[in-house]
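>
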Amino acid sequence: MLLTSPRRARLAAELLGTALLLAAVVGSGVMAQRLTHDVALQLLVNAVATVAVLGVLISSLGPISGAHFNPAVTLAQAVRGAHRWSDVGPYVLVQLVGGVGGTVLANLMFGLPAVTWSHHERTGPALWLGEVVATGGLVLAIALVREGGDRASVVVPAWILGAYFFTSSTSFANPAVTVARAFSDTFAGISPRCVPAFIVAQGVGAAVAVLVLRLFAAAPTHEKERP
Numbered sequence: 001m002l003l004t005s006p007r008r009a010r011l012a013a014e015l016l017g018t019a020l021l022l023a024a025v026v027g028s029g030v031m032a033q034r035l036t037h038d039v040a041l042q043l044l045v046n047a048v049a050t051v052a053v054l055g056v057l058i059s060s061l062g063p064i065s066g067a068h069f070n071p072a073v074t075l076a077q078a079v080r081g082a083h084r085w086s087d088v089g090p091y092v093l094v095q096l097v098g099g100v101g102g103t104v105l106a107n108l109m110f111g112l113p114a115v116t117w118s119h120h121e122r123t124g125p126a127l128w129l130g131e132v133v134a135t136g137g138l139v140l141a142i143a144l145v146r147e148g149g150d151r152a153s154v155v156v157p158a159w160i161l162g163a164y165f166f167t168s169s170t171s172f173a174n175p176a177v178t179v180a181r182a183f184s185d186t187f188a189g190i191s192p193r194c195v196p197a198f199i200v201a202q203g204v205g206a207a208v209a210v211l212v213l214r215l216f217a218a219a220p221t222h223e224k225e226r227p
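For the sequence shown, UniProt numbering gives the first residue as 1, with consecutive numbering after it.
1) Applying the 10 Å Cβ sphere with the 16-neighbour rule, what's the burial state of threonine 123?
2) Alpha carbon to alpha carbon, how far is glycine 17 from valine 97? Give it in angstroms, no decimals.
3) Could you work out which residue in Leu57, Gly89, Val208 and Pro71 is closest to proline 175 when comparing CA atoms only?
4) Check the C-beta distance from alanine 13 over to leucine 61 and give it rounded, since I have them as a contact under 8 Å.
5) Can you grab the Cα-Cα spacing for the pair histidine 37 / arginine 8, in whole Å?
6) Is the stretch 115 to 135 close to the stretch 198 to 208, with three or more CB pairs under 8 Å?
7) May I have the straight-line CA-CA distance separating arginine 214 from alanine 76, to the nearest angstrom?
8) Where does threonine 170 sit, in a helix, a strand or coil, going by DSSP?
9) Jot down the residue ranges of each uninterrupted alpha helix (DSSP H) in the stretch 60 to 144, minimum 4 residues, whole runs only, in chain order.
10) Take valine 133 as the anchor and find which of Arg151, Val200 and Trp85 has the nearest alpha-carbon.
11) If you follow the alpha helix (DSSP H) that arginine 193 is part of, which residue opens it and which one closes it?
12) Counting beta carbon pairs with one atom in the stretch 140 to 147 and one in the stretch 102 to 114, are three or more of them shorter than 8 Å?
13) Counting only C-beta atoms, is arginine 122 closer than 8 Å to chain C at any point?
14) To the nearest angstrom, report how far apart serine 191 and histidine 119 are at their CA atoms.
15) Buried or exposed: which applies to arginine 10, given that a residue is buried once 16 or more other Cβ atoms fall within 10 Å of its Cβ?
In structure tokens, the structure reads:
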């Protein structure tokens, strides 16, 4: 019964998915640093590996849990009535635990201590604005693509890949990812003292996206306007 409970299955999928996502984010960052000293190439390696794994995770685990892997997405979906409020707390908890676990796994895979607190300072209004944009766009993409047919495994990674390069913050766009990346003093890391401001910015971005979605919901669709 424990193994077949639908809720346990959803939580297990969120735990596993977030863990593997962070293993990809942090691990590919370490690998990139070891392969080249070119920062632009390091970011490209990190971005491509991350979105490739994200696409696989959404395709494989989406039918089980919805493939949130992100507290901002979970909360936004609940506010919109697209996710059970009773699942919000457990989802966020396993996303945070999975994220930290994935970071520890990546550290260990590359022969690093399990936890190395990051000294990578990421702060300032420009980066916070980048997180508002990255997170808002992500929440919009997920909501709109699922309402128009489930193409999330392509659209969501595409947004993240683009946002890696056009936002000043390189698109964390995820509170669980932000917390977890503080546990690795590597390419993908973020100083723990920079984490709260990033999470606030991500919350603002998600809230703006929800407001925009409500505006869209109140408008007639293009098809409905046709004679």
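Even glycine gets a Cβ: it sits at the ideal position worked out from N, Cα and C.
On the basis of the supplied data:
1) One-based indexing of the sequence shown puts residue 123 at position 123. Counting Cβ neighbours within 10 Å, threonine 123 comes out exposed, since fewer than 16 surround it.
2) Here residue 97 refers to the residue found at position 97 when the sequence shown is read from its first residue. Here residue 17 refers to the residue found at position 17 when the sequence shown is read from its first residue. Cα to Cα, valine 97 sits roughly 11 Å from glycine 17.
3) Here the question's residue 175 lines up with position 175 in the sequence shown. The candidate whose alpha carbon is nearest that of proline 175 is Pro71.
4) Position 13 of the sequence shown, counted from the start, is the residue given in the question as residue 13. Position 61 of the sequence shown, counted from the start, is the residue given in the question as residue 61. The pair is a contact, with the Cβ atoms about 4 Å apart (cut-off 8 Å).
5) Taking the first residue of the sequence shown as position 1, residue 37 is located at position 37. Taking the first residue of the sequence shown as position 1, residue 8 is located at position 8. Histidine 37 and arginine 8: Cα-Cα distance of roughly 43 Å.
6) yes
7) Here residue 214 refers to the residue found at position 214 of the sequence shown. Here residue 76 refers to the residue found at position 76 of the sequence shown. Taking the straight line from one Cα to the other gives about 12 Å.
8) By one-based count along the sequence shown, residue 170 stands at place 170. Three-state result, threonine 170: coil.
9) 71 to 79 and 88 to 109
10) As a working note, residue 133 is residue 133 in the sequence shown. Taking only the C-alpha atoms, the option nearest valine 133 is Val200.
11) For the purposes of this step, residue 193 is taken as the residue at position 193 of the sequence shown. No alpha helix (DSSP H) contains arginine 193, which DSSP labels as neither H nor E.
12) no
13) Among the chains in the structure shown there is no chain C, since it carries only a single protein chain.
14) The count along the sequence shown starts at 1 and reaches residue 191 at position 191. The count along the sequence shown starts at 1 and reaches residue 119 at position 119. Answer to the nearest angstrom: the Cα atoms are 5 Å apart.
15) Taking the first residue of the sequence shown as 1, we reach residue 10 at position 10. It counts as buried.
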